[in-house]
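The end of the sequence shown is residue 340 by the UniProt record's numbering, with every number in the run present.
Have a look at the structure below, then the notes.
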Amino acid sequence: MPNKPAPTANGATLKCNPCLSENKTSIRGLVAQLLAMVNPKKPLISLGVGDASSFPCFRNGKDFSDSLLAAVSSSMFDCYPPSYGFPFARRAVAEFLSKGVKHGIREDSVYLTVGGTQAIQVCMTVLASPGSNLLLPRPGFPPYETACELAGVEARYYDLAPRRGWELDLSQLRSLADANTAGLVIINPNNPCGAVYSSTHLQQIAETARDLNIPIIADEIYGHMVFGGSRFIPMASFAHLTPVITIGALSKRWMLPGWRLGWLAICDPHGLIKQVRTSNAGFSGPAMSNHDCSLWLQVEINTTLVFGIENDMDFAEELIREESVLVLPGNLPFLVHIKT
1 MPNKPAPTAN GATLKCNPCL SENKTSIRGL VAQLLAMVNP KKPLISLGVG DASSFPCFRN
61 GKDFSDSLLA AVSSSMFDCY PPSYGFPFAR RAVAEFLSKG VKHGIREDSV YLTVGGTQAI
121 QVCMTVLASP GSNLLLPRPG FPPYETACEL AGVEARYYDL APRRGWELDL SQLRSLADAN
181 TAGLVIINPN NPCGAVYSST HLQQIAETAR DLNIPIIADE IYGHMVFGGS RFIPMASFAH
241 LTPVITIGAL SKRWMLPGWR LGWLAICDPH GLIKQVRTSN AGFSGPAMSN HDCSLWLQVE
301 INTTLVFGIE NDMDFAEELI REESVLVLPG NLPFLVHIKT
């Protein structure tokens with residue numbers, strides 16, 4: 001949906017930063033565009049819901065709501081929280097993330113954020129500066145690109161290999177990196193491909209980052225959400241090779257996206273990125289295929305067999321107009337590189 005300038009009292013127009021175009025940063029803009037075409041004569045069937053908490057059968061137990069109500073009723077958390085979050089909350093995250101990790105994560109290495117999105121923004125702001133670059137996966141998660149643009153940082157894309165379980169192309173990584181590369185982003189379990197990387201591949205990634213002298217930003221928002229014979233291994237397990245900054249949140253595994261509670265956790269046993277720990281970044285966390293799995297079922301449709309349909313966007317628009325069925329077209333910016 002185009003960015004329409006907003007008129008002001010004197011007739012002038014105010015334009016939004018194009019980096020923040022809703023269609024570019026998430027699927028929400030596209031969903032809103034399609035929902036405007038729904039057939040009013042038929043009930044909506046949405047196949048575009050990515051929030052499991054919308055369904056009662058997926059809601060968390062009463063302990064969660066009781067704990068939240070107790071915190072609110074105590075009036076102890078009506079104040080401004082410490083910039084990096086309350087110590088006991090940081091400690092709880094550190095203890096959780098340290099399970100099975102050789103070096104462990106200290107309480108003072110955890111920073112609470114407003115969801116995983118702010119954690120991404122903070123990473124881009126703290127690690128990189130205008131003129132530097134970050135290595136991002138393709139396909140990947142759009143907010144990383146947006147955060148890079150807002151920070152004046154170049155996004156350099158490495159490809160994931162579908163025939164190798166969406167593993168990283170390590171030789172391509174080496175060719176993309178230079179003296180201005182500030183970090184490498186990996187998403188594991190992967191969004192949007194659903195891959196879960198093996199210990200061997202994660203070690204190869206860490207060794208490559210070590211050779212390039214860059215830290216790894218490990219987006220583990222779907223951590224432990226694995227199926228079949230897959231096993232999730234935290235990237236921090238390889239922090240002895242290169243510093244690892246882990247991004248996580250309550251939104252996916254605990255299905256609490258509305259609580260907007262996320263974190264950054266640094267595992268840096270050799271102290272290679274000490275300055276990052278003391279950076280005055282804008283933290284403001286809230287006070288209180290086979291065995292692979294993706295939240296999205298990706299179906300290929302031969303649109304040439306449907307009269308009047310030229311592409312997947314046409315198909316999505318006609319389906320919701322005629323049948324009130326919402327699907328997401330596969331040409332979304334972060335899905336177009338998914339090929340088999």
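No residue lacks a Cβ here, since even glycine has one placed at the ideal position from N, Cα and C.
Residue i and residue j closer than 8 Å at C-beta
i	j	result
L184	L150	no
V122	L264	yes
A316	V306	no
A177	L212	yes
S75	A94	no
E300	I309	no
L202	I245	no
F77	A70	no
I105	A249	no
Y157	D169	no
Own chain partners of residue i with C-beta closer than 8 Å, once the 5 adjacent residues on each side are dropped
i	result
N39	I320, R321, E322, E323 and S324
A209	L184, P215, I216, L241 and T242
T303	I309, E310, N311, D312, D314 and F315
G258	S53
7 Å CB neighbourhood of residue i in its chain, flanking five on each side removed
i	result
S294	In this prediction, S294 has a pLDDT of 47, which is less than 50 and means its spatial position is unreliable; nothing more can be read from the coordinates.
A206	I216, F238, L241 and T242
N190	W166
Q118	G262
I120	P143, Y144, A147 and I247
G131	N180
Which listed residue (the options) has its alpha carbon closest to that of residue i
i	options	result
R231	A32, K41, G100 and V93	G100
W166	I187, S175 and T146	I187
V54	D312, W254 and E310	Residue identity differs from the one stated: residue 54 is Ser in this sequence, not Val. It is W254 whose Cα lies nearest to the Cα of S54.
A155	P81, P137 and Q203	P137
I45	P56, V31 and L14	V31
L256	Y157, G48, G29 and A52	A52
Q204	S67, L173, T181 and G258	L173
N133	S98, S199 and A179	A179
G85	K102, L68 and E107	E107
Exposure label - residue i; buried when at least 16 CB within 10 Å
i	result
C148	buried
V196	buried
K41	exposed
A161	exposed
A218	buried
H291	Low confidence applies to H291: its pLDDT is 39, below 50, so where it sits in the model is not reliable enough to give any reading.
T181	buried
S65	exposed
S289	Here S289 scores only 36 on pLDDT, less than 50, and its place in the model should not be relied on; the value that follows carries that caveat. Burial call: exposed.
G229	exposed
S199	exposed
F141	buried
Cut-off 6 Å between Cβ atoms - residues of its own chain near residue i, not counting five sequence neighbours on either side
i	result
L97	I105 and A265
P329	D312, M313 and A316
**Q.** the segment 84-95 touching the segment 222-233, judged by at least three CB pairs closer than 8 Å
**A.** Contact fails: fewer than three Cβ-Cβ distances are below 8 Å.
Q. With contact counted as at least three CB pairs below 8 Å, one residue from each stretch, are the segment 232-247 and the segment 255-270 in contact?
A. Touching, per the Cβ criterion.
Q | Cβ contact check for the segment 100-115 and the segment 248-262: 3 or more pairs under 8 Å | A | Three or more beta-carbon pairs drawn from the segment 100-115 and the segment 248-262 are found closer than 8 Å, and the two stretches are therefore classed as touching.
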